[in-house]
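Here the sequence shown stands for residues 1 to 164, numbered as in the working numbering.
Positions of the beta carbon are idealized from the N, C-alpha and C atoms, including for glycine.
Okay, so here's the structure we're looking at.
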Amino acid sequence: MKRAGGLLSGSTLVAAGMIGANAAAYGMTIVAARLLLPRDLGAVTALLGIIQIGTVAALTLQAVTARRIAVAPDDREATIGTVARVSIAISLGTGLLAAAITVALAGPLDLGSIWPALLTGATLVPLTMMGAMAGVAQGAERWQALAAIYLANGFGRLLCGGVA
Numbered sequence: 001m002k003r004a005g006g007l008l009s010g011s012t013l014v015a016a017g018m019i020g021a022n023a024a025a026y027g028m029t030i031v032a033a034r035l036l037l038p039r040d041l042g043a044v045t046a047l048l049g050i051i052q053i054g055t056v057a058a059l060t061l062q063a064v065t066a067r068r069i070a071v072a073p074d075d076r077e078a079t080i081g082t083v084a085r086v087s088i089a090i091s092l093g094t095g096l097l098a099a100a101i102t103v104a105l106a107g108p109l110d111l112g113s114i115w116p117a118l119l120t121g122a123t124l125v126p127l128t129m130m131g132a133m134a135g136v137a138q139g140a141e142r143w144q145a146l147a148a149i150y151l152a153n154g155f156g157r158l159l160c161g162g163v164a
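The following block contains the structure:
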């Protein structure tokens, strides 16, 4: 059993990681609002909404993976192997489904081309894989790794969104 101080440190690390990730993601929104015309900002916001819906798969992978590792730590290596295989399939499926749905919505969203739709789907592939990695870190109580994953997610959005 872990000491209360260790739990508090882990909780603090994860909370700090989540705060940093959300601040960076918010920073991406501010950058977009400053650089884009209102019409283009509306399209970006719609695509971010689709990405937000698509991350349900990542959260599911995280929760299931964390639980499986936490309840059977002796089977961790086998669980990680299974999760690696399953998460690749789920990530690709999520990305393809999101791309197909977004391509179908390209006209009403007035995207100008199908590239933003395809990139929306492509974005969900690594985001879904990050969910599996977060689940491994969470289930193994590797709080520093979990905080780093959250920070990479948020700052990745800021960097990629700023470049795009």
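| Item | Value |
| --- | --- |
| Going by DSSP in three states, residue 112 sits in which element: helix, strand or coil? | coil |
| Under a Cβ-count criterion, where at least 16 other Cβ atoms within 10 Å of its own Cβ denotes burial, should residue 127 be classed as buried or exposed? | buried |
| Which residues in the same chain have their Cβ closer than 7 Å to the Cβ of residue 98, if we skip the five residues on either side of it in sequence? | 50, 54, 120, 121 and 124 |
| Thinking C-alpha only, which one of 82, 17 and 131 is nearest residue 94? | 131 |
| Can you give the Cα-Cα distance for residue 57 and residue 136, rounded to whole angstroms? | 15 Å |
| Could you check the C-alpha separation between residue 43 and residue 156 for me, to the nearest Å? | 20 Å |
| Taking residue 73 as part of the alpha helix (DSSP H), name the residues at either end of that continuous run. | Looking at the DSSP string, residue 73 is not in any alpha helix (DSSP H), and its letter there is neither H nor E. |
| Would you kindly work out how many angstroms separate the C-alpha atoms of residue 145 and residue 104, rounded to a whole number? | 37 Å |
| Please name the residue, chosen from 150, 160 and 159, that lies closest to residue 17 on a Cα-to-Cα basis. | 150 |
| Within 10 angstroms of its Cβ, does residue 236 collect 16 or more other Cβ (buried), or is it exposed? | Examination of residue 236 is not possible in this model, given that the chain is present from 1 through 164 alone. |
| Given a cut-off of 8 Å on the beta-carbon distance, is the pair residue 46 and residue 118 in contact? | no |
| Terminal residues of the continuous alpha helix (DSSP H) containing residue 43? | 38–54 |
| Do residue 72 and residue 79 have their C-beta atoms closer together than 8 Å? | yes |
| Evaluate residue 39 with the Cβ neighbour count: other Cβ atoms within 10 Å of its Cβ, from every protein chain shown; 16 or more gives buried, anything less gives exposed. | exposed |
| Which whole-angstrom value describes the C-beta separation of residue 60 and residue 139, a residue pair presumed to lie in contact below a C-beta threshold of 8 Å? | With a Cβ gap of about 14 Å, residue 60 and residue 139 do not count as contacting. |
| To the nearest angstrom, how far is the alpha carbon of residue 96 from that of residue 106? | 15 Å |
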